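Q:
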Amino acid sequence: MTETDTSLGYEQARDELIEVVRKLEAGGTSLEDSLALWERGEELAKVCRHWLEGARARLDSALAAREAGADGGGGSDERDA
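The numbers in the sequence shown follow this note's numbering, run straight up by one, and end at 856.
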């Protein structure tokens with residue numbers, strides 16, 4: 776990933792990826808332009824994947840901490856709330 780790509784937020788990368796796919800599906804671009812769009816799409820997909828993997832790790836960590844707290848015998852179980 777390039778420096779610019781890592782500074783993109785998930786929503787920005789996703790929106791640009793959607794636009795790239797739209798352009799590729801519409802056709803009418805030269806082979807060179809299509810290849811450049813495809814390469815950009817691959818970069819954007821990596822950015823999105825990076826953000827989603829980070830979000831998954833944060834969720835897993837929060838769930839593990841919550842379960843560890845619940846295993847400590849701390850009263851009511853909030854998961855049923």
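Using N, Cα and C, we set each Cβ at its ideal position, and we do this for glycine too. Predicted, not measured: the structure shown is a model, and the values here were computed from it.
1. Are the region 797-805 and the region 818-827 touching by the rule of at least three beta carbon pairs closer than 8 Å?
2. If we require 4 or more residues per run, which alpha helix (DSSP H) segments fall completely within the region 778-841?
3. Here's the rule: buried if 16 or more other CB atoms are within 10 angstroms of the residue's CB, otherwise exposed. What is Leu819?
4. Mapping DSSP to helix, strand and coil, what is Gly847?
5. Cα separation between Ile793 and Ala840?
6. Quick check: the Cα distance between Ala856 and Ala832, rounded to an integer number of angstroms?
7. Can you give me the C-alpha to C-alpha distance between Glu791 and Glu842, rounded to a whole angstrom?
A: Considering the structure as presented:
1. no
2. 778-782 and 785-801
3. Your numbering for residue 819 matches position 44 in the sequence shown. So Leu819 ends up on the buried side.
4. As a position in the sequence shown, residue 847 is number 72, starting the count at 1. Three-state DSSP puts Gly847 in coil, outside helix and strand.
5. Counted from its first residue, the sequence shown places residue 793 at position 18. Counted from its first residue, the sequence shown places residue 840 at position 65. If I take the Cα positions, the gap works out to 36 Å.
6. As a working note, residue 856 is residue 81 in the sequence shown. As a working note, residue 832 is residue 57 in the sequence shown. With a pLDDT of only 46 at Ala856, under the threshold of 50, the placement of this residue in the model should not be trusted, and no figure is reported.
7. On the sequence shown, position 16 is the one that residue 791 refers to. On the sequence shown, position 67 is the one that residue 842 refers to. So the two alpha carbons sit approximately 38 Å from each other.
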